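Take any residue in the sequence shown, note its place counting from 1, add 299, and you have its number in the working numbering. Idealized CB from N, CA, C, for every residue including glycine. Remember, predicted model here, so these are calculated numbers, not experimental data. One structure is given below, encoded as structure tokens.
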Amino acid sequence: MNVKKISGIAAGIALAFGMMAPASAVTLVAGDLKITFNAFDAGTVNYGNSVGEKCSSVGGCDSVAGIKQAPKSYGSEDTWGIFSVQSITSVSTGDFIFRGGEDGKYLTGMFGGIKDTYVEVSGIRNPLTATLGTGGWLNMYLTNNNYNASFGPNGRTGEKDYNGITNVGGDLALSAVFGAGVIGGDPEFTYQSTFQNSTVGGASSGYLDVTGGSWANLFNTNSQLDPNGNAHDLYLKTTYSQTGASLGAGWTVDASGDVLGEVGEVPEPGSVALLGLGLAGLATLRRRRRA
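Below, the structure written as structure tokens:
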């Protein structure tokens, strides 16, 4: 069944149930996708410039002298933040599926719960800090508001709550946890990050396993294989640095990056309409509106 026909059926079913077809909803199609985002992170830094291992357990990393714990962190948490999706594109075709703010819709969210579990410093002239983390979660919401990073870390009102993201009546589109067993075959580590001590500029990455949200069944595809052969649903990678925008609001760094994954087969048209997601090919609908 082609995209145009699915779209028509979904709209018809929506009207039959007395609902308006959601003209501003995010719509997806089966295939490979790239989700591009901007983010602001609160992180633990200042492990020192002396070369060598700094810690090899959560408790040991918490007790390293001189560290600057991530602001507004919960327990032993060392990395958390907020993000806003800029676009979703098809990797194979390059077509845009979603742009942040288009039709008044935004995809924003929070991530957190990552705990530094192993840290080492290398390099004498230009020290680098490498961290391996455990745990971690991510929640993404479809809302009518973009995030407001100027609240800084103080905008966090609960472990998984942030002002302007979780309190504005949005729909939970996707929730996930960072997948373990990725780094060196170790079943513990879920996240890796490396930054230059002089600038706190660097990069990080991790795999995600979908756990819930209205898009869970679409993204729960186990399409991303890590270097150890373990299957995950999504692969996240970021680059980050300290800038005036991040430091001025109290963040450790601001970041940009993308998430790679695949979307499975869309639901039956009736389910599409009832969910209000219109998963039937946004590109086609846009071309029709602009014609």
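{"Query": "Buried versus exposed call for Glu376 [16 or more other C-beta atoms within 10 Å across all chains shown]", "Result": "buried"}
{"Query": "Same chain, Cβ closer than 8 Å to Ala322, neighbours up to 5 away in sequence not counted", "Result": "Low confidence applies to Ala322: its pLDDT is 30, below 50, so where it sits in the model is not reliable, and the reading given next is rough at best. Excluding residues within five positions, the ones whose Cβ falls inside 8 Å are Asp402."}
{"Query": "Ser513 vs Ala472 beta-carbon contact at 8 Å", "Result": "yes"}
{"Query": "Phe488 - DSSP class collapsed to helix/strand/coil", "Result": "coil"}
{"Query": "Selected residue, minimal CA-CA separation from Ala475, among Gly511, Ala554, Thr493", "Result": "Gly511"}
{"Query": "contact_flag[the stretch 341–359, the stretch 414–434] where n(CB pairs < 8 Å) is 3 or more", "Result": "yes"}
{"Query": "DSSP three-state assignment for Val363, whether helix, strand or coil", "Result": "coil"}
{"Query": "Inter-stretch contact at 8 Å, needing at least 3 Cβ pairs: the stretch 439–448 / the stretch 402–412", "Result": "yes"}
{"Query": "Beta-carbon spacing of Gly393, Ala338 below 8 Å", "Result": "no"}
{"Query": "Reduced DSSP category for Val344 - H, G, I as helix; E, B as strand; rest coil", "Result": "strand"}
{"Query": "Status (buried if at least 16 other CB within 10 Å, exposed otherwise) for Val467", "Result": "exposed"}
{"Query": "Status (buried if at least 16 other CB within 10 Å, exposed otherwise) for Asp460", "Result": "exposed"}
{"Query": "Boundaries of the alpha helix (DSSP H) in which Asn438 is found, first to last residue", "Result": "Taken as a continuous stretch (DSSP letters only), Asn438 belongs to no alpha helix (DSSP H), being part of the beta strand (DSSP E) at 436–442."}
{"Query": "Per DSSP, cross-strand counterpart(s) of Gln523", "Result": "His531"}
{"Query": "Arg424 burial status per 10 Å Cβ neighbour count (16 or more: buried)", "Result": "exposed"}
{"Query": "Supposed contact pair Leu327 and Glu561 - C-beta distance, whole angstroms, cut 8 Å", "Result": "Glu561 to Leu327, Cβ: 11 Å. No contact."}
{"Query": "Glu564 versus Ser492 - alpha carbon distance", "Result": "34 Å"}
{"Query": "Gly374, DSSP secondary structure in three states", "Result": "coil"}
{"Query": "Length of the line joining the Cα atoms of Leu521 and Ala502", "Result": "Leu is not the amino acid found at residue 521; the sequence shown has Asn there. C-alpha separation (whole angstroms): 24 Å."}
{"Query": "Cβ neighbour criterion (16 or more within 10 Å) applied to Gly451", "Result": "buried"}
{"Query": "Expected contact under 8 Å - CB spacing of Gly556 and Thr537 to nearest Å", "Result": "3 Å"}
{"Query": "Status (buried if at least 16 other CB within 10 Å, exposed otherwise) for Lys414", "Result": "buried"}
{"Query": "Pairwise C-alpha distance: Gly432 and Tyr490", "Result": "5 Å"}
{"Query": "Thr551 versus Ser421 - alpha carbon distance", "Result": "21 Å"}
{"Query": "Whole-angstrom C-beta distance between Thr542 and Asp553, which should lie under 8 Å", "Result": "6 Å"}
{"Query": "With 16 other Cβ atoms within 10 Å as the buried cut-off, status of Asn519", "Result": "buried"}
{"Query": "Closest Cα partner of Ala364 within the set Val418, Ile334, His531, Tyr534", "Result": "Val418"}
{"Query": "Proximity of Gly600 and Asn447 at Cβ, strictly below 8 Å", "Result": "Here the chain covers residues 300 to 590 and nothing more, so residue 600 does not appear."}
{"Query": "Spatial distance of Asp508 from Ser389 (CA atoms)", "Result": "20 Å"}
{"Query": "Of the listed residues Asn527, Gly400, Ile334, nearest to Val481 (C-alpha basis)", "Result": "Asn527"}
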